[in-house]
């Protein structure tokens, strides 16, 4: 996997670049992710120190819980980030990266909350809530 990646929102008001390794893509099926996106989240993450954001003034942060907030472009509405409090990383929506991404799926979390209109059949590990390696709101 490449050590640098670039991406943006749909309108280009928010652009970002990362350096260093990205985590595999985690697919989150929780009700918050589904309600915000209309489906489920597909996100990777990177250390806070390894991301540079241009156009940060165009990001609106929604305080989704006491655990984390969700960042999206206030111009076009693109979902971009999920940022837990008290953690030194930020999750980035996989679809916001420019290609090629070299990203690979890692697992599915909150499958107990998944929508009833689709199935998960890609063979990746599935977790009712999450794994110890992926801190989430309870």
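Residue numbers (UniProt numbering): 1 to 138.
Glycine included, C-beta positions come from ideal geometry on N, C-alpha and C.
In this text the structure is predicted, and so the values were computed from the model without any measurement.
For residue i, the nearest candidate out of the options (CA to CA)
i, options, result
"residue 10", "24, 27 and 72", "72"
"residue 60", "77, 119 and 17", "77"
"residue 3", "125, 117, 103 and 107", "103"
"residue 5", "100, 39, 68 and 86", "100"
"residue 51", "19, 121 and 107", "19"
"residue 37", "86, 70 and 15", "70"
Residue i versus residue j - alpha carbon distance
i, j, result
"residue 35", "residue 12", "24 angstroms"
"residue 74", "residue 26", "25 angstroms"
"residue 47", "residue 21", "9 angstroms"
"residue 105", "residue 44", "9 angstroms"
"residue 112", "residue 129", "7 angstroms"
"residue 123", "residue 42", "16 angstroms"
"residue 31", "residue 114", "7 angstroms"
"residue 28", "residue 65", "16 angstroms"
"residue 23", "residue 55", "24 angstroms"
"residue 17", "residue 116", "35 angstroms"
"residue 119", "residue 94", "20 angstroms"
Nearest-angstrom beta carbon gap, residue j and residue i [assumed within contact, 8 angstroms]
i, j, result
"residue 135", "residue 84", "6 angstroms"
"residue 109", "residue 127", "5 angstroms"
"residue 7", "residue 88", "Not really, about 20 angstroms apart at Cβ, beyond 8 angstroms."
Cβ of residue i within 7 angstroms of any chain D Cβ
i, result
"residue 64", "This model lacks chain D altogether, as it is built from one protein chain only."
Please go through the UniProt domain "CENP-V/GFA" (5–119) and give each complete alpha helix (DSSP H) segment of 4 or more residues, from N-terminal end onward. 31–37
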